[in-house]
Amino acid sequence: MIPPRPRRRAPQQTAARYFGAAACLTLLGCAPSTPPMSAAERAALKAELQAPTAAQPSPAVERVGPARAGFGGATVTPVRLALQPGWWLTGALFSPAGAEGSPPEVGVLVAHGHFGQGKSGAEAQEIAWRLAAQGATVLSLDSPGEEEGALPGRQLHLEAGAHGRALLRAGGSSALAVQVTALQRGLDALQALGARRIGATGASGGAVLSMYLALVDPRVQAVVLASPPPIPREGRGGGCLCDQLPGHPGPAPALLASLGVPSLWLLDHRGPPPEGLPRSARVVGSDGPHSYTEEMQAEAQAFFAAELGLDRPEGALAAGERPPAWDLAGPPLPTDSPGLEALPFAPPPAWAPGPADPAAWGSPVVETHCEGNGPVVLLAGVEGEDRAQLSAALRAAGLRACALRVSEDEGAEAEAQLQGRVWAERQAAALAVAAAQQGAAAIYAQRAWGLPAGVVGLPWAWERPICALKDVQPAVDPAWVHTPGAWWGGAAEARCAAQPRRGEDRAALITELRGALLP
Ligand SMILES: [Zn+2]
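Put into structure tokens, the structure is as follows:
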């Protein structure tokens, strides 16, 4: 007689364990119950998380490579689907054995975190294979800018994504909205593939995205969050700013309390669960690591099996057998694919700067290095050898040149985003500090620094001005160059037109500035 295969954990046993966690949360008062957001707040959140897109694209996925058999009889196929017509997202479609004949009614969407890869990372790929082996259609989506979509104009994550995030905010949207909307296209695709009961999951940043998706889209009927960070992200708490909810600093228990579908929180610690979890939330603590561990995958499988009705326990029992760690990328997107700037923004009114307020930005530390005699001119945004040359030219014109160095603040972007403030105002504040310290009479600004220079109230000149989005060089210019409304409706052009003392001709600009200071 063949001994039965060891079972990992029957769904009913799992449910009993969850009851223990839920009871702690609700019956014994381990956490007070938090009222959810109001209907109006929910509607506002939904609108904020909707990225601007042109006409609704076809929900069909386009298969762009061959299907490969991988794990538990499931196959994987590289696919594309559209965020808007012609704007492709990339992903991998996992299909259980026999899906051709009868499409599964269960679909799961996998969102990735920041583990160095998108859908191909182990934290996204392993759970996708396991759930497909269990009988679900699984769509694992890259966020824009990842894997075969790694184009310069689409980056959203970490330092490389600073320009993309700032551009989206300037247009009245956010990186979080673009990612949530992309995942909603994934839900469209799963439905088009025949899914009727849909779940969402992801680890770390992927958990954040899954939660917001479940909050705003009723098609998600169950959600599993592996190693979730604090949601919403908190001010200077670290992590990628792409999943920060602009204008909403955490913690926000009412936001979590509004999660109306069954959720499984697979913590990477044994501390208390996040404040505000609804009664339907189930919590499992662990000792980490910050990942989507095999143990977390097993919990997720049992949860989805119970909540969505997966009917192939053998998939769940493929323990010990590890899913593949493949490069799931299909052919790269064409290099002339549209970037974030191609989205049809509904921008806010253009930035109308008021007086700079250094205290509001923690009084940025400014160092100046001055040479020469005469009226003081601050050099803003001029670096290296170029700065030495400019300084010499100003001295030759009878002016005192003070080069400027402003302390970096890695938290400034987070603060601007969460507080709904304009990032460039920090630079304006720094310029105001330097101008007061040195008794400056004028500012000579290069490129992006023309934006804050125009706020200080001194005569100024603008070398190599940025008068349109096409003038921005992400490798050279700081991300704060993207100010609200700047690139739409002629706002940047008007800003340039308001400063006639601008151009490429340094000698002419110095002559003009000297004329204003030494009549
Ligand atoms: Zn990110």
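Numbering-wise (my numbering), the sequence shown opens with residue 2 and increments by one.
Heads up, the beta-carbon is just placed ideally off N, CA and C, and yes, glycines get one too.
Sub-8 Å separation of residue i and residue j beta-carbons
i      : j      : result
LEU452 : THR484 : yes
CYS241 : HIS164 : no
ALA330 : GLN126 : no
SER228 : ALA253 : no
ALA215 : VAL285 : no
ALA446 : VAL377 : no
ASP244 : LEU177 : yes
PRO60  : GLY195 : no
ARG448 : ARG427 : no
PHE305 : VAL221 : no
PRO365 : SER408 : yes
ALA381 : ALA171 : no
GLU149 : PRO333 : yes
ARG234 : GLY251 : yes
SER264 : SER281 : yes
LEU210 : GLN180 : yes
LEU400 : ARG507 : no
GLY277 : ALA255 : yes
LEU309 : ARG198 : yes
GLY373 : ARG396 : yes
ALA509 : CYS468 : no
PRO460 : ALA517 : yes
ILE128 : ALA301 : yes
LEU379 : ALA436 : yes
PRO37  : ALA258 : yes
Below-8 Å beta-carbon distance, residue i vs any chain B residue
i      : result
SER174 : Absence of chain B from the displayed structure is noted, only one protein chain being present.
Check: residue i C-beta below 7 Å from any heavy atom of ligand 1
i      : result
ASP244 : yes
LEU159 : yes
HIS115 : yes
CYS497 : no
GLY162 : yes
GLY92  : no
GLY206 : yes
CYS371 : no
CYS468 : no
CYS403 : no
Cα-Cα separation, residue i to residue j
i      : j      : result
THR294 : GLU124 : 8 Å
LEU142 : THR91  : 6 Å
ASP472 : GLY289 : 46 Å
GLY206 : CYS371 : 46 Å
TRP362 : ALA430 : 7 Å
ARG502 : VAL456 : 15 Å
PRO58  : LEU470 : 26 Å
MET297 : LEU188 : 23 Å
ARG64  : ALA93  : 9 Å
SER292 : GLY162 : 22 Å
ALA357 : LEU432 : 9 Å
LEU26  : HIS115 : Bear in mind that the predicted position of LEU26 carries a pLDDT of just 44, short of 50, making it too unreliable to give a figure here.
HIS113 : ALA204 : 6 Å
ILE511 : ALA454 : 16 Å
GLN438 : LEU405 : 11 Å
LEU46  : ALA307 : 29 Å
ALA499 : ALA351 : 14 Å
PRO67  : GLY200 : 26 Å
CYS31  : ILE232 : The predicted position of CYS31 is uncertain, since its pLDDT is 48 and thus under 50; no value can be drawn from it.
ARG388 : ARG237 : 33 Å
GLU384 : ARG283 : 54 Å
GLY87  : ALA55  : 10 Å
ARG323 : GLU368 : 55 Å
SER175 : THR182 : 11 Å
TRP130 : THR202 : 13 Å
GLY490 : ALA347 : 10 Å
TRP481 : PRO354 : 14 Å
PRO230 : SER34  : 21 Å
PHE95  : PRO359 : 53 Å
PRO274 : GLY122 : 26 Å
ALA41  : LEU260 : 15 Å
GLY99  : PRO335 : 33 Å
heavy atom of ligand 3 below 7 Å from residue i C-beta
i      : result
ARG422 : Because ligand 3 does not appear in the structure shown, any question about it cannot be addressed here, the ligands present being ligand 1.
Validate contact between the region 407 to 417 and the region 340 to 357 using beta carbons, cut 8 Å, 3 pairs: no
Flag this pair as touching only if the region 75 to 89 and the region 107 to 114 have three or more C-beta atom pairs under 8 Å; answer yes or no. no
Whether or not the region 132 to 150 and the region 65 to 77 are in contact is what I'm after, with contact meaning three or more pairs of Cβ atoms, one per stretch, closer than 8 Å; do they touch? The region 65 to 77, when compared against the region 132 to 150, does touch it at the 8 Å Cβ threshold.
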